[in-house]
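Here the numbering used here is used: the first residue of the sequence shown is 48, the next is one more, and so on. What follows is one structure encoded as structure tokens, with my remarks underneath.
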Amino acid sequence: MTNTLYDALFAPHVGNPATFLQCDDGTTLSYDAFLKRAAQMAHTLTESGVQPGDRVVVQAPKLSDTIALYAGSVLAGAVYLPLNSAYTQAELAYFIKDADPRLIVCDIQDEAAVVEIAQAAGTPVLTLGGSAGSLSRAADSQPNTFKAVDRGPEDLAALLYTSGTTGRSKGAMLSHKNLLSNAVALTELWDITSNDRLVHALPIFHTHGLFVAMNTALLAGAEVRLCTAFDINVILGEITQSTLMMGVPTFYTRLLDDARFTKELVESMRLFVSGSAPLLAETHRAFEARTGHRILERYGMTETNMITSNPLKGARVAGTVGYPLPGTEVKITDPDTGEAQPSGEIGMIEVRGDNVFQGYWNMPEKTAEELRANGFFLTGDLGVQDEDGRISIVGRSKDLIISGGYNIYPKEVEDVLNDIPGVLESAVFGVPHADFGESVIAAIVAEKNSSLTVETLKETVQVQLARFKHPREYLFLEALPRNTMGKVQKTELRKGYRT
Ligand code: MLC
Ligand code: AMP
Numbered sequence: 048m049t050n051t052l053y054d055a056l057f058a059p060h061v062g063n064p065a066t067f068l069q070c071d072d073g074t075t076l077s078y079d080a081f082l083k084r085a086a087q088m089a090h091t092l093t094e095s096g097v098q099p100g101d102r103v104v105v106q107a108p109k110l111s112d113t114i115a116l117y118a119g120s121v122l123a124g125a126v127y128l129p130l131n132s133a134y135t136q137a138e139l140a141y142f143i144k145d146a147d148p149r150l151i152v153c154d155i156q157d158e159a160a161v162v163e164i165a166q167a168a169g170t171p172v173l174t175l176g177g178s179a180g181s182l183s184r185a186a187d188s189q190p191n192t193f194k195a196v197d198r199g200p201e202d203l204a205a206l207l208y209t210s211g212t213t214g215r216s217k218g219a220m221l222s223h224k225n226l227l228s229n230a231v232a233l234t235e236l237w238d239i240t241s242n243d244r245l246v247h248a249l250p251i252f253h254t255h256g257l258f259v260a261m262n263t264a265l266l267a268g269a270e271v272r273l274c275t276a277f278d279i280n281v282i283l284g285e286i287t288q289s290t291l292m293m294g295v296p297t298f299y300t301r302l303l304d305d306a307r308f309t310k311e312l313v314e315s316m317r318l319f320v321s322g323s324a325p326l327l328a329e330t331h332r333a334f335e336a337r338t339g340h341r342i343l344e345r346y347g348m349t350e351t352n353m354i355t356s357n358p359l360k361g362a363r364v365a366g367t368v369g370y371p372l373p374g375t376e377v378k379i380t381d382p383d384t385g386e387a388q389p390s391g392e393i394g395m396i397e398v399r400g401d402n403v404f405q406g407y408w409n410m411p412e413k414t415a416e417e418l419r420a421n422g423f424f425l426t427g428d429l430g431v432q433d434e435d436g437r438i439s440i441v442g443r444s445k446d447l448i449i450s451g452g453y454n455i456y457p458k459e460v461e462d463v464l465n466d467i468p469g470v471l472e473s474a475v476f477g478v479p480h481a482d483f484g485e486s487v488i489a490a491i492v493a494e495k496n497s498s499l500t501v502e503t504l505k506e507t508v509q510v511q512l513a514r515f516k517h518p519r520e521y522l523f524l525e526a527l528p529r530n531t532m533g534k535v536q537k538t539e540l541r542k543g544y545r546t
């Protein structure tokens, strides 16, 4: 009997006394203790009716028990479905309807609201949040060993929702092989070992914090300092005792903005990794000037896991995302013809390999549009590859805003705005932002004689969309700028917002 992910990431740590997790409240969990907790979680899942292949929705705080639930889900052969804790009830209701989970695990503070949504779908709810959480309490009395459910490389391990240009979120189906192959490639490439201590300040509901950070640490047997958020005061203390950090560019600009962040503070650090959004070359240079460290930038996507990385040894070039990972093929193609472009020419970045997902949940047409029959996935990112094979991202063919590492698809926000009585039409666009990289602005054309106000817009947006998607400014216009084909010119709207 085998369970691809469990056998590689978790099983080798049975009996391992080394520290795995260190939490904000000072509690630590050894690898062995963590595995026992994961077994208790797996028993609780199966007792709740979770069968192999069932989805388990998790919108929970960043706790050691949440990580143990991820491991327990792998053990029980379930499909782990983590959700951003910022999602509103309206967003959560969509995911529950689409994914049809067998169980929902939520923050104890959100229990009443989530139960209301879950009842409509007839799905049971358990909670996490300190010792009072019903999932944690149920797990306490369970046996601390569990026979891993048989799962092969092609079986699904996770379903991660990602928004899209159509405005509807799509569930990316990730198999055991997808997750394991990427963890192996990154652990080797970045030379992560049991001597490492990772400062983990990312959320654990996205590829970056959950798979890139956590799966590599597990594979290597590294220590993880689990910080519930990016609190600069905590981070400045932790990096003096750590070797490794993974973050979005906002982490690095915030560190640079703090005068306490000095070269002396990072003496024990060996590697800073950045991804999920473009790292400005000026941030890269300022970081090196301050600390002597060249941030290692890598590039990835929910659907593909990580695709490219700058090298650990060798030149880490500012403004580039490095080379395809071992086992991953990258092609730069003409977006119109799909023909491979010669080096130096800009084109669509396409990816193939064991890291590439299995398709979108319940959306065969969307899958067919983005995943070619020959296995190449169309990322929607535009890039260029030099003669040496090094890749730079130069733009996106998809209309996407990345704010602090979170993706916001303008179409999703526009759909919400356009449904508000009094709105004739809207255009949502991103503008440069010093802290988040980009921030969201909405241009609104009101219907004639309507009494539409910003407050009315905000009221609806607040109920419908997670806070990070909210426009930070509303512009009322007589008409949207359009080209001769009638297409809204967002570049015109962006003018005047250059920093
Ligand atoms: C928080 N806010 C944001 C925001 N994060 N608004 C826009 N964009 C964001 N990313 C809101 C808060 O709700 C708050 O609203 C206000 O902005 C200020 O909050 P803050 O306290 O300053 O923010 P903070 O909690 O410190 O969070 C910032 C952050 C966080 C950058 C640390 O957003 C973060 O952890 N981002 C990482 C995202 C990530 O992991 N992405 C990986 C995706 S995977 P108010 O009400 O106060 O105004 C992927 C693939 C790959 O992309 O390649 O990795
Ligand atoms: P997500 O859909 O949340 O997984 O976000 C994936 C997108 O983030 C990619 O398609 C890129 O547009 C972007 N991204 C990730 N890493 C980088 C990077 N290093 N530089 C530029 N963009 C990045």
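Cβ coordinates follow ideal geometry from the N, Cα and C atoms, glycine included.
Query raised in the report: Just curious, the beta strand (DSSP E) that lysine 378 is in, first and last residue?
Result: Membership of lysine 378 in the beta strand (DSSP E) is indicated by the continuous run 375 to 380.
Query - For glutamate 311, the first and last residue of its enclosing beta strand (DSSP E) - result: First-last for glutamate 311: undefined, no H or E at that position.
**Report entry** Check: threonine 375 C-beta below 7 Å from any heavy atom of ligand 2
**Finding:** No, ligand 2 has no heavy atom inside 7 Å of this Cβ.
Report task. Assign arginine 529 to one of three DSSP states: helix, strand, or coil. Result -> DSSP, read as helix, strand or coil, puts arginine 529 in strand.
Query raised in the report: Leaving out the 5 sequence neighbours to the left and right, which residues in its chain are closer than 6 Å to asparagine 357 when beta-carbon positions are compared?
Result: Closer than 6 Å at Cβ, skipping near neighbours: Leu343, Glu344, Arg363 and Gly369.
Query - Beta-bridge partners of phenylalanine 424, as assigned by DSSP - result: For phenylalanine 424, which the question treats as bridged, DSSP gives the partners Val398 and Leu418.
Query raised in the report: Got a sec? Which residues, its chain only, sit under 7 Å from phenylalanine 476 by beta carbon, not counting five neighbours each side?
Result: Cβ neighbours of phenylalanine 476 beyond the five flanking positions: Pro457, Ile488, Lys537, Leu540 and Arg541.
Query raised in the report: Which residues share a DSSP beta bridge with threonine 75?
Result: In DSSP, threonine 75 forms a bridge with Gln69.
**Report entry** the region 463 to 472 touching the region 427 to 446, judged by at least three CB pairs closer than 8 Å
**Finding:** Two segments are said to touch when three or more pairs of C-beta atoms, one from each, lie closer than 8 Å; by this definition the region 463 to 472 does not touch the region 427 to 446.
Requested in this report: Within the region 316 to 342, note down every full beta strand (DSSP E) run reaching 3 residues or more, in order along the chain.
Outcome: Restricted to the region 316 to 342, the beta strand (DSSP E) segments that are unbroken, complete and at least 3 residues in length are 318 to 321, listed in chain order.
Query - Per-residue DSSP class, three states only, for lysine 495 - result: Residue state for lysine 495 is assigned as coil, using DSSP reduced to three classes.
Report task. Starting from the C-beta of threonine 409, find all residues in its chain whose C-beta is less than 8 Å away, skip the five residues before and the five after it, and write them out in chain order. Result -> Reading off the sequence shown, one finds asparagine at residue 409, where the question assumed threonine. Only Asp145 and Gly218 meet the Cβ criterion.
Query raised in the report: What three-state label does DSSP hand glutamine 388 in the structure shown?
Result: In this structure, glutamine 388 counts as coil in the three-state DSSP scheme.
Query raised in the report: Between the Cα of proline 148 and the Cα atoms of Asp154, Ile155 and Ser120, which residue gives the shortest distance?
Result: Comparing Cα positions, the closest option is Ser120.
Requested in this report: With a cut-off of 8 Å on the beta carbons, I'd call alanine 107 and cysteine 153 a contact; round off their distance for me.
Outcome: Confirmed, Cβ separation roughly 6 Å.
Query raised in the report: Can you tell which of Pro59, Leu122, Gly177 and Thr384 has the C-alpha that lies nearest to the C-alpha of proline 99?
Result: Taking only the C-alpha atoms, the option nearest proline 99 is Leu122.
Requested in this report: Can you give me the start and stop residues for the alpha helix (DSSP H) that histidine 517 sits inside?
Outcome: From DSSP, histidine 517 is part of no alpha helix (DSSP H); its letter is neither H nor E.
Query - From Phe483, Glu472, Ala333 and Met532, residue whose alpha carbon lies closest to that of leucine 504 - result: Nearest in C-alpha terms to leucine 504, of all of Phe483, Glu472, Ala333 and Met532, is Glu472.
Report task. Compute the minimum distance between the beta carbon of glycine 452 and the heavy atoms of ligand 1, and state whether it is under 7 Å. Result -> Checking the 7 Å criterion, the Cβ of glycine 452 is within range of a heavy atom belonging to ligand 1.
Requested in this report: List the endpoints of the continuous beta strand (DSSP E) containing tyrosine 127.
Outcome: Segment 126 to 129, the beta strand (DSSP E) holding tyrosine 127.
Query raised in the report: According to the Cβ coordinates, are proline 64 and serine 77 closer than 8 Å?
Result: For the pair proline 64 and serine 77, the CB atoms are nearer than the 8 Å cut-off.
Query raised in the report: From this set, Thr49, Gly180 and Ile286, which residue's C-alpha is nearest aspartate 112's C-alpha?
Result: Nearest option by C-alpha distance: Gly180.
Query - Inter-stretch contact at 8 Å, needing at least 3 Cβ pairs: the region 293 to 305 / the region 317 to 333 - result: Counting C-beta pairs with one atom in each stretch, the region 293 to 305 and the region 317 to 333 have three or more that are closer than 8 Å, which means they touch.
Query raised in the report: Got a sec: is the Cβ-Cβ distance from leucine 249 to anything in chain B below 8 Å?
Result: Considering every chain present, this structure includes no chain B. It has just one protein chain.
Query - Proximity test, glycine 211 beta-carbon vs ligand 3 heavy atom, cut-off 7 Å - result: Questions concerning ligand 3 fall outside what the structure shown contains, since the ligands it does hold are ligand 1 and ligand 2.
Query raised in the report: Is there at least one non-hydrogen atom of ligand 1 closer than 7 Å to the beta-carbon of alanine 276?
Result: With a threshold of 7 Å, the Cβ atom of alanine 276 counts as near ligand 1, since some heavy atom of the ligand is closer than that.
Query - valine 463 in three-state terms, based on DSSP - result: Helix.
Requested in this report: Along the alpha helix (DSSP H) that carries glycine 284, what are the first and last residues, could you check?
Outcome: Segment 279 to 285, the alpha helix (DSSP H) holding glycine 284.
Query raised in the report: Buried or exposed: which applies to glutamine 166, given that a residue is buried once 16 or more other Cβ atoms fall within 10 Å of its Cβ?
Result: So glutamine 166 counts as exposed.
Report task. Sort out for me which residues DSSP pairs leucine 206 with in a bridge. Result -> Answer is Met220, bridged to leucine 206.
Requested in this report: Compute the Euclidean distance between the alpha carbons of leucine 221 and aspartate 401, then round it to the nearest angstrom.
Outcome: C-alpha of leucine 221 to C-alpha of aspartate 401: approximately 10 Å in a straight line.
Query raised in the report: Which residues share a DSSP beta bridge with threonine 174?
Result: DSSP output for threonine 174 lists Cys153 as bridge partner(s).
**Report entry** Spatial distance of alanine 493 from threonine 500 (CA atoms)
**Finding:** Roughly 9 Å between the two C-alpha positions.
Query raised in the report: Who are the Cβ neighbours of arginine 332 in its own chain at under 8 Å, not counting the five residues just before and after it?
Result: Same-chain partners within the cutoff: Ala365.
Report task. With distances taken Cα to Cα, identify the nearest neighbour of leucine 207 among Val104, Lys83 and Lys495. Result -> Comparing C-alpha distances from leucine 207 to each of Val104, Lys83 and Lys495 shows the shortest one belongs to Val104.
Report task. Count the other CB atoms, across all protein chains shown, that sit within 10 Å of the CB of glutamine 288; report buried if there are 16 or more and exposed otherwise. Result -> With fewer than 16 Cβ atoms within 10 Å of its Cβ, glutamine 288 is classed as exposed.
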